[in-house]
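Residue numbers (my numbering), protein chains in the order written: chain A, 182 to 406; chain B, 182 to 406. The beta carbon of each residue, even a glycine, is placed where N, CA and C say it ideally should be.
2 protein chains.
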Amino acid sequence: MASPTEENYLKALFNLANSQGEITLSELASRLQVSLPTANSMVKSLQKSQWVNYEKYKPLTLTAEGQLLAASIIRKHRLTELFLVHVMKFGWEEVHEVAEQIEHIHSPKFFERMDEMLGHPAADPHGSPIPGLDGKLQQQSYVPLSSVLPGQKVELLALSNSSAEFLEFLNSRGLSLGLTLTVISTERFDHSMVVSYTDHPREALSGKVCERLLVCVQTAASAAH
Amino acid sequence: MASPTEENYLKALFNLANSQGEITLSELASRLQVSLPTANSMVKSLQKSQWVNYEKYKPLTLTAEGQLLAASIIRKHRLTELFLVHVMKFGWEEVHEVAEQIEHIHSPKFFERMDEMLGHPAADPHGSPIPGLDGKLQQQSYVPLSSVLPGQKVELLALSNSSAEFLEFLNSRGLSLGLTLTVISTERFDHSMVVSYTDHPREALSGKVCERLLVCVQTAASAAH
DNA sequence: TTATAAAGTTAGATTAATCTAACAAATTTG
DNA sequence: CAAATTTGTTAGATTAATCTAACTTTATAA
Numbered sequence: 182m183a184s185p186t187e188e189n190y191l192k193a194l195f196n197l198a199n200s201q202g203e204i205t206l207s208e209l210a211s212r213l214q215v216s217l218p219t220a221n222s223m224v225k226s227l228q229k230s231q232w233v234n235y236e237k238y239k240p241l242t243l244t245a246e247g248q249l250l251a252a253s254i255i256r257k258h259r260l261t262e263l264f265l266v267h268v269m270k271f272g273w274e275e276v277h278e279v280a281e282q283i284e285h286i287h288s289p290k291f292f293e294r295m296d297e298m299l300g301h302p303a304a305d306p307h308g309s310p311i312p313g314l315d316g317k318l319q320q321q322s323y324v325p326l327s328s329v330l331p332g333q334k335v336e337l338l339a340l341s342n343s344s345a346e347f348l349e350f351l352n353s354r355g356l357s358l359g360l361t362l363t364v365i366s367t368e369r370f371d372h373s374m375v376v377s378y379t380d381h382p383r384e385a386l387s388g389k390v391c392e393r394l395l396v397c398v399q400t401a402a403s404a405a406h
Numbered sequence: 182m183a184s185p186t187e188e189n190y191l192k193a194l195f196n197l198a199n200s201q202g203e204i205t206l207s208e209l210a211s212r213l214q215v216s217l218p219t220a221n222s223m224v225k226s227l228q229k230s231q232w233v234n235y236e237k238y239k240p241l242t243l244t245a246e247g248q249l250l251a252a253s254i255i256r257k258h259r260l261t262e263l264f265l266v267h268v269m270k271f272g273w274e275e276v277h278e279v280a281e282q283i284e285h286i287h288s289p290k291f292f293e294r295m296d297e298m299l300g301h302p303a304a305d306p307h308g309s310p311i312p313g314l315d316g317k318l319q320q321q322s323y324v325p326l327s328s329v330l331p332g333q334k335v336e337l338l339a340l341s342n343s344s345a346e347f348l349e350f351l352n353s354r355g356l357s358l359g360l361t362l363t364v365i366s367t368e369r370f371d372h373s374m375v376v377s378y379t380d381h382p383r384e385a386l387s388g389k390v391c392e393r394l395l396v397c398v399q400t401a402a403s404a405a406h
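Here it is in structure tokens:
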């Protein structure tokens, strides 16, 4: 069983690998705010547990087992964030710190219940995908609403930025995550768009707003569900 | 800030004090499943943090600060148990282990939200009181329904035993925590009772059931709310 | 009331996670 | 390509939480 500290190292390695490919010790150390020798000795001990492939002076990689474990922690983190926001009415800005703690709770059931209560979400509110139980990251296929062509139906799934004001604005227009939007027209002039959705047959959104709304173009598969 | 380990020592001391008065080192050690020297050195370090009064060979006591901290951890534990059962639909038997972990989460808001969502409960499902934010234990005034006289109005607040079968039985009769019951009559013969409550003007409950239902006799104050 | 048992203490070792100082390897660059 | 810089490693120390072994104090009881 990994300690919370070890779990943080695995998480950092997973995130670095998914954004940079090659992982160096110093990147790991600076990400975790520890000294190089500390990271070095921890990496050796993670190797002993078969979670990390380590050779002197070589870049670091996670083993298959390490990836699975890391993904499960990130899954717990992102589920927690969503749970705090949607079930417990936290603000987006407040959730990270708490989620950093709750992600280390050992209880499959606790997180499966969160998952159920949230309706098995595929991504967190910032558009970062939530790994499945198999540790696989569904590749995110979000695009900003601003890049969608007129006539298309899309699902609003995430926000690229979620300040309190922006959220209030969305509330005032009846916009919430999960909603299906149909693009009616776009305006070359200022990149504003007119869209329709539940109870809103014609709503104009500024270009700035459209860039911040992350959507998924509906496929046959996603529409069927 | 107390580590999770220190918090467990404080919690054990609080619980022992509330059930035994005098606390000896060996009681503490055996409660926490650690050796005497381990408990001894931890107690010294808790003394340094001003949470425990310690003198060689003397019984242990918590300082005022220590009591407050211990009560806050127990509060978090019991709120978590209730939250897991009522919001996340865990079974009573499953919650303890998870609550032992979650009680160490540092986030006042997280637990205040639980408290709100649960309607500021005064006791956990086993009738153990939940300390308030001030660390005070409201003295529990629960009595088994079986000891209530006919004509009295009571509030169902806890269960002395909560097996799955018992809970199913309660569900089948529309009985849930928080409900107000009026005792219509009691039967000398088998200690069964007839009570009325929402949508159930006349329900007979066996003596066994009545012993397991913990209720609070309504006062003017509690009824007003 | 002294001998034995129980409870508490001290000393010293271990493991995990961290650090600084000193050194070595690899990489960058003049 | 050799010098300088960056990166990685080793050695050795520290703190928290734990242990066993040995010893002391307090309590029990013959």
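Quiz item: Quick one: what's N234 of chain A bridged to in DSSP?
Solution: A:T242
Quiz item: Out of curiosity, what's the CA-to-CA distance linking F370 of chain A and V329 of chain A?
Solution: 16 Å
Self-check item: Rounded C-alpha distance that separates L299 of chain B from L227 of chain B
Solution: 33 Å
Quiz item: Are any of the Cβ atoms in chain A nearer than 9 Å to that of Q282 of chain B?
Solution: yes
Quiz item: Nearest-angstrom Cα distance between L386 of chain A and V396 of chain B?
Solution: 56 Å
Quiz item: Where do the N-terminal and C-terminal ends of the alpha helix (DSSP H) with Y190 of chain B fall, by residue?
Solution: 185-201
Self-check item: Min CB distance M298 of chain A to chain B below 9 Å
Solution: yes
Quiz item: Does the count of Cβ pairs from the stretch 188-207 of chain B and the stretch 239-247 of chain B closer than 8 Å reach three?
Solution: yes
Quiz item: Is the Cβ of V396 of chain B closer than 9 Å to any Cβ of chain A?
Solution: no
Practice problem: Give the residues from the stretch 210-239 of chain A that approach chain B closer than 9 Å (Cβ to any Cβ), ordered along the chain. | Solution: none
Quiz item: Helix, strand or coil for T379 of chain A per DSSP?
Solution: coil
Quiz item: So P331 of chain A and I365 of chain A are in contact, right, with Cβ under 8 Å, and what is the actual spacing, rounded?
Solution: 6 Å
Quiz item: With 16 other CB atoms within 10 Å as the buried threshold, where does T261 of chain B fall?
Solution: buried
Quiz prompt | Whole-angstrom distance between E208 of chain A and S200 of chain A, CA atom to CA atom | solution = 12 Å
Exercise. Using a Cβ cut-off of 8 Å, pull out every chain B residue sitting near S288 of chain A, in sequence order please.
Key: E278, V279, Q282
Quiz item: From P185 of chain B to E188 of chain A, what distance separates their C-alpha atoms?
Solution: 17 Å
Exercise. Mind checking which residues open and close the alpha helix (DSSP H) that includes V398 of chain A?
Key: Careful: V398 of chain A lies outside any alpha helix (DSSP H), inside the beta strand (DSSP E) at 394-398.
Quiz item: In this structure, does DSSP put T219 of chain B in helix, strand or coil?
Solution: helix
Quiz item: Between the C-alpha atoms of L338 of chain A and P302 of chain B, what's the straight-line distance to the nearest angstrom?
Solution: 36 Å
Quiz item: Which two residues bound the contiguous beta strand (DSSP E) that contains K334 of chain B?
Solution: 334-340
Quiz item: Counting pairs of Cβ atoms below 8 Å between the stretch 280-300 of chain A and the stretch 282-293 of chain B, do you hit three or more?
Solution: yes
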